[in-house]
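Under our numbering, the first residue of the sequence shown carries the number 272, and numbering increases by one thereafter. A quick write-up on the structure given underneath.
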Amino acid sequence: ETLNLRPTGQFCTDRVVHLALTFVDLAVELASTYKLLKPHLEFLLFQVCFPTMCLTKDDVETFENDPVEFVQKQNSPLADFYDPRMSAITLVKDLVKHRGQDVTQNLLARMTDILNRYNSAPVEQKNHIEKDGALLTFGSLSIFLLAKDKYAAQLEGLLVTFVFPDFTSPIAFLRYRACWMVQQFSTVKWTDDGSRLKQLIDLVLNRLGDP
272 ETLNLRPTGQ
282 FCTDRVVHLA
292 LTFVDLAVEL
302 ASTYKLLKPH
312 LEFLLFQVCF
322 PTMCLTKDDV
332 ETFENDPVEF
342 VQKQNSPLAD
352 FYDPRMSAIT
362 LVKDLVKHRG
372 QDVTQNLLAR
382 MTDILNRYNS
392 APVEQKNHIE
402 KDGALLTFGS
412 LSIFLLAKDK
422 YAAQLEGLLV
432 TFVFPDFTSP
442 IAFLRYRACW
452 MVQQFSTVKW
462 TDDGSRLKQL
472 IDLVLNRLGD
482 P
């Protein structure tokens, strides 16, 4: 009931969401408690975790007015103890790690749908925050995806199609996310003659002059 407050438009503090997600995460690994959790995976992943992982209006405002504060907040070692975004990321990662057969394919398909929808939408209808959340989901799972051949083989295409264009995006936080994604997938194996890697290096270097 607590985690259903925000999806139904009711108020719930960040602290309460953080604690609730942390509590739910404890049920993932143990078989007896996971049986109770499994029927609610769709709700947890796409009505609770994903919206919680997405940037808020306050996050975007902070990024635009004080990007240094934004980056420090996003990478604070204390965030694990209070930030609901971090507890949502941890829950998603643990579900993929321990219950991948029930979660991974559906999760990746939904995130890919979001990215494809963004690319095909008219400029005025593009949901930048939703795309950022989808990329955050992929990036947060980088260790798992890189370790599985069937997923690792698709990562080059993911970067070229959905990340490379964001290096020159007019949306500042998507340029930030593009740099972060490259960091997460720095060990991707490129299959071409090296031109994409050179292009990527040029894109990253150009961002050093980003205002």
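Where is the CB? At the ideal position from N, CA and C, for every residue including glycine.
Remark: fewer than three beta-carbon pairs, one from each stretch, lie closer than 8 Å, so the region 326-344 and the region 376-396 are not flagged as touching. Within the region 320-396, no run of beta strand (DSSP E) at least 3 residues long lies entirely inside it.
Distance between Arg446 and Lys309, taken at the CA atoms: about 36 Å. When Ser457, Trp461, Phe352 are compared, the shortest CA-CA separation from Gly428 is found for Trp461. Contact between the region 276-286 and the region 337-351 is absent: fewer than 3 CB-CB pairs across the two stretches fall below 8 Å.
Taken through DSSP and simplified to helix, strand or coil, Cys283 comes out as coil.
Shortest Cα-Cα distance from Val434 to any of Phe415, Ser457, Lys421, Leu406 involves Leu406. Setting aside the 5 residues that flank it on each side, Leu471 is surrounded in the same chain by Leu430, Phe435, Val453, each with a C-beta closer than 8 Å to its C-beta; the list follows chain order. The three-state secondary structure of Thr462, taken from DSSP, is coil. A direct Cα-to-Cα measurement between Asn477 and Val319 gives close to 36 Å. Secondary structure of Asn477 (DSSP, three-state): helix. Inter-segment contact for the region 402-422 and the region 372-382 is present: three or more beta-carbon pairs are separated by less than 8 Å. Membership of Asp403 in the alpha helix (DSSP H) is indicated by the continuous run 399-411.
By the neighbour-count criterion, in which a residue is buried when 16 or more other Cβ atoms sit within 10 angstroms of its Cβ, Ser411 is buried. Excluding five sequence positions before and after Ser440, the CB atoms of its chain that fall closer than 6 Å to its own CB belong to Arg446, given in chain order. By the CB criterion at 8 Å, Leu274 and Ala291 fall inside the cutoff.
Ranking Leu276, Ala359, Asn398 by CA distance to the CA of Leu316 puts Ala359 first. In its own chain, leaving out the 5 sequence neighbours on each side, no residue places its CB closer than 6 Å to the CB of Val295.
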